[in-house]
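Letter by letter, the sequence shown follows residues -18 to -1, 1 to 355 in mature numbering (1 follows the signal peptide of the UniProt record, and there is no 0).
Here a beta-carbon is modelled for each residue, glycine too, at the ideal position from N, C-alpha and C.
Values in this document were obtained by computation on a predicted structure and should not be read as measured data.
Input: a single structure, listed below in structure tokens.
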Amino acid sequence: MFAFKTFVILSAVAGAYGAPVQISKRIAQVIADSTAKWEQACLTAGGSQQCNPLSITAFTTLLAAAGPCDQQNAADQMIDLAKQLNNDADMIKFTQIFAQQPRNTPDSLAVPYCQQAPQNQELNGLFQCQYQGANQKLFVGNIAVGGQGTIPFGQNSPLSPAGSCAANPNGPIADGSQLTDITDDPGVGSTGGSSNSSDSGNDSGNTGDSGDDSGDVSDSGDSSTDSGSTSDSGDSGDDSGDSTDDSGDSSDNSGDDSSDTGDSSDSSDSSDTGSSTSSFALSNGQEAQQLNSQFASLDASSSCQAGENACVNGQFAQCVGGSFVLESCAATTQCFALPLVNSAGTSITCTTQSDAESRIAATGATGGLTGSN
């Protein structure tokens, strides 16, 4: 009887409105794939330990909770590093493509565009494509086309075709897909290195983002030694249990902040590089073990502090609104705390268990991942 009544009620609702109820859905992607080719190009160019933390910082900006200019700010940092590495053309090219990668949308609405100029002229005129499943006439926040953030910076009219970008000018791309899998042409011509844009500065004040993009990509210096192992982390294609807030505003997704800051004294002002390295290596290994032990007691319902990063049930976790939002690692990998090699501190990343165990053991720490074996 109950089931029958439910059917009647739903039928009445559909009949009253003349159409079935629209159910919005989250559109997500494997965010780490967006910077995987850039990170490899960075390593090839000699970027070493600078590559992985910046890669993590960048792909985190594709999450739904990021500010509208966070992606562009991260791309500026990627260009800055490319210029330090002899204006590496591949790094610049893949940065330009990354700057156009669609962002996750929590409710099938188009994602607003940044309303300020980039710092580097290589990024001038670039903005993210949209996913095909997003409503191209309505943006996140239920803002109709023509409203704040619905027209890319520097343009005066809505995009045509809607959802397109320079790398894919024919329109939006398939849900969950990566531009780097579709094209290796960012659509901007030459990618040769040059100095910061002189013409972009004039427009930098015309932002309507009310601070959403401030400081979100400031931390990329925690010298993670994970060199690409986190190209698999942050798989946001797994929608299970995700809130509309997909992830936190944490700009620094490398997980280094909370664990690195207290250890810098271990290696400071040492005149003997060898002894300095050995002094913090063991400390790093033991700290990684302590973190892994703490992570083992966490679950998706554990309380946390805003911006905190952790590993929860083998997944990369960010704290949003006092609870963890989980991002799955790629197949065969899971989330671990790992010791840094050339500086004091730890990183949080996705890798295989055997790799994590070997890195910790290499510091001289005993007892396996948690120090309890």
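- In the structure shown, the three-state DSSP call for residue 332 is strand.
- Three or more Cβ pairs closer than 8 Å define a contact, and the stretch 70 to 79 falls short of that threshold against the stretch 116 to 135.
- For residue 85, the CB contacts under 8 Å within the same chain, skipping 5 residues up- and downstream, are 43, 44, 45, 46, 48, 53, 93 and 110 in chain order.
- Membership of residue 41 in the alpha helix (DSSP H) is indicated by the continuous run 33 to 42.
- Under DSSP, residue 147 forms a beta bridge with 150.
- Under the 8 Å Cβ criterion, the stretch 261 to 273 counts as touching the stretch 318 to 333, having at least three qualifying pairs.
- For residue 55, the enclosing alpha helix (DSSP H) stretches over residues 52 to 66.
- Residue 153 has its alpha-carbon roughly 22 Å from the corresponding atom of residue 41.
- Residue environment: residue 137 is assigned as exposed (fewer than 16 neighbouring CB atoms within 10 Å of its CB, all protein chains considered).
- For residue 318, the enclosing beta strand (DSSP E) stretches over residues 316 to 321.
- Here DSSP, grouped into helix, strand and coil, assigns residue 274 to helix.
- Counting along the chain, residue 118 sits inside the beta strand (DSSP E) bounded by residues 117 to 121.
- If you check the CB distance, residue 7 and residue 142 do not come in under 7 Å.
- The Cβ atoms of residue 294 and residue 280 lie closer than 7 Å to each other.
- Under DSSP, the beta-bridge partners assigned to residue 293 are 298.
- The beta-carbon distance between residue 102 and residue 58, rounded to whole angstroms, is 5 Å. This is short enough to meet the 8 Å contact definition.
- Collapsing the DSSP output to three states places residue 76 in a helix.
- Beta-bridge pairing by DSSP links residue 87 to 9.
- In this structure, the alpha-carbon of residue 122 lies about 19 Å from that of residue 13.
- The C-beta of residue 355 has fewer than 16 other C-beta atoms within 10 Å across all chains shown, which makes the residue exposed.
- DSSP links residue 285 through a beta bridge to 305.
- Our two residues, residue 343 and residue 18, have alpha carbons roughly 27 Å apart in a direct line.
- Taking all protein chains shown into account, residue 276 has fewer than 16 neighbouring C-beta atoms within 10 Å of its C-beta and is therefore exposed.
- Within a 10 Å sphere around the beta-carbon of residue 151 sit fewer than 16 other beta-carbons, which makes this residue exposed.
- Distance check between residue 95 and each of 30, 341 and 135 places 135 closest, using alpha-carbon atoms only.
- Remark: C-beta atoms of residue 292 and residue 299 approach each other more closely than 7 Å.
- 108 is the residue among 146, 148, 339 and 108 whose C-alpha sits nearest the C-alpha of residue 97.
- Apart from the 5 residues on each side of it in sequence, residue 56 sits with its Cβ closer than 7 Å to the Cβ of 39, 40, 43 and 199 in its chain, given in chain order.
- The C-beta separation of residue 286 from residue 305 comes to about 7 Å, placing the pair in contact by the 8 Å criterion.
- With respect to the C-alpha of residue 296, the residue from 308, 290, 289 and 288 having the closest C-alpha is 308.
- Linking residue 338 to residue 129 through their CA atoms gives a straight-line distance of about 48 Å.
- DSSP links residue 81 through a beta bridge to no other residue.
- Counting along the chain, the unbroken alpha helix (DSSP H) around residue 18 starts and ends at 15 to 26.
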